[in-house]
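Structure record follows, encoded as structure tokens.
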Amino acid sequence: MNRSTYRKIARKHGVSVKEVKQDMQEAINSAYINPNAEAQKIPRKGDVPTPDEFISYTIAKLKDEN
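So for the sequence shown, this note's numbering puts the first residue at 3; every next one is plus one.
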């Protein structure tokens with residue numbers, strides 16, 4: 003996801019880009035506490051995907067389905 007998309011989300015919700023990324027990371031972390039098979043398929047550099055890794059995977063998955 004590019005930075006302008008994060009800015010649009012932040013502006014829409016009246017928060018900072020940093021808060022958007024933090025909230026997204028918390029949601030991703032939560033999914034990994036209670037993992038399911040699909041969540042484990044996301045390519046990542048660390049133990050848990052970053053928001054950018056998650057979004058890239060999701061976009062690719064949606065393109066594959068269409």
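Using N, Cα and C, we set each Cβ at its ideal position, and we do this for glycine too.
Can you grab the Cα-Cα spacing for the pair residue 38 / residue 64, in whole Å?
18 Å
Write down every uninterrupted run of the beta strand (DSSP E) in the region 11 to 45 whose length is 3 residues or greater and which is fully enclosed by it, in chain order.
none
Going by C-alpha distance, which of 24, 9 and 5 is nearest residue 51?
24
Cβ shell of residue 12 (< 8 Å), same chain only, five flanking positions each side left out
18, 19, 21 and 22
Taking a contact to mean a Cβ-Cβ separation below 8 Å, would you say residue 26 touches residue 53 in this structure?
yes
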